[in-house]
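Shown next, in structure tokens, is the structure this report addresses.
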Amino acid sequence: MSATPATDPFAGMSLAEIRSTAYAHTGEGARTKKVRGTLAQYGETMSIDLGFSRDLACGGSFTTLDHGKGQIHVDTKVAYIKRETAAWRTYLMGVPKAQADAMTDRYADHWVKVAADDERAKSISFLCRLGHPRFMLDKSEEPHIKRGADSVADKQPAITLTYPGKKGVTVTDYIAAEGRAYLLKRTETKAGQVQAEFTYWDIEAPTPLYAPPADEVIPFE
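Mapping the sequence shown onto numbering that gives the first Met the number 0, position 119 (from 1) lands on 118, and the numbers just tick up by one.
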């Protein structure tokens with residue numbers, strides 16, 4: 000049974016137009032949303048669970064199997080980051096041991112605050128770019144997009160588009176076939192291995208995000 004309605008909601012649109020519309024609706028069009036998923040980075044897999052609110056704040060958690068958990072809250076001016084001990088030790092790899100130990104003792108399991116454009120924030124706050132998924136698209140050339148079988152993503156009927164992505168990966172987009180054409184899911188595979196997978200959900204649902212209380216925040220020196 001087809002996952003999409005009998006009448007194709009994308010009739011008359013090219014596959015490139017469908018993809019562009021979905022990414023725009025989900026990024027700039029939907030100011031509130033949540034994203035969960037995984038990405039392979041530096042030889043390990045990171046799991047993320049993020050929310051995006053109307054005041055352009057981004058917040059949530061990130062976890063790596065071997066190197067602990069963390070939380071972030073980022074707005075246009077400030078980034079707050081909280082890491083477990085293991086996550087701090089990973090972040091401080093290459094720093095002299097005595098200095099790394101002192102920093103870990105001071106900051107582990109506490110919120111630290113830095114300017115949003117500070118290089119120390121960018122090492123993790125880049126995850127907030129997922130709120131505007133078009134950054135993942137390779138703009139160097141228009142890919143050869145194929146439409147695949149109808150499917151379901153997050154319990155919603157979807158069409159699938161498959162095309163070559165950056166760094167040799169194959170991208171599959173799951174785009175809502177009912178209602179507004181949101182990007183519901185994006186997967187990246189290479190040599191049969193999943194490199195990244197993101198699901199967009201609670202799109203346009205209320206997503207309140209709150210910065211940590213001031214008395215729980217330590218300046219990052």
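Glycine included, every Cβ here is placed at the ideal spot set by N, Cα and C.
Item	Value
Taking LEU160 and LEU38 to be in contact with their CB atoms under 8 Å, please state how far apart those CB atoms are, rounded to whole angstroms.	Not a contact, Cβ separation roughly 20 Å.
May I have the straight-line CA-CA distance separating ASP48 from ARG35, to the nearest angstrom?	4 Å
Jot down the residue ranges of each uninterrupted alpha helix (DSSP H) in the region 35–113, minimum 4 residues, whole runs only, in chain order.	84–90 and 96–106
On the CB-based measure, 16 or more other CB atoms within 10 Å of its CB, does ARG185 come out buried or exposed?	buried
Quick one: what does DSSP say ASP116 is sitting in, helix, strand or coil?	coil
Based on DSSP bridge pairs, tell me the residues matched to ILE174.	ILE158 and LEU182
Going straight from the alpha carbon of PRO142 to that of GLY50, what length do you get?	30 Å
Which same chain residues, not among the five before or five after THR206, have their C-beta less than 6 Å away from its C-beta?	THR31, GLY50 and SER52
PHE125 by DSSP, collapsed to three states: which one?	helix
Given GLN194, which residues of its chain have a CB within under 8 Å of its CB, disregarding the five upstream and five downstream residues?	LEU38, ALA39, VAL168, GLU187 and THR188
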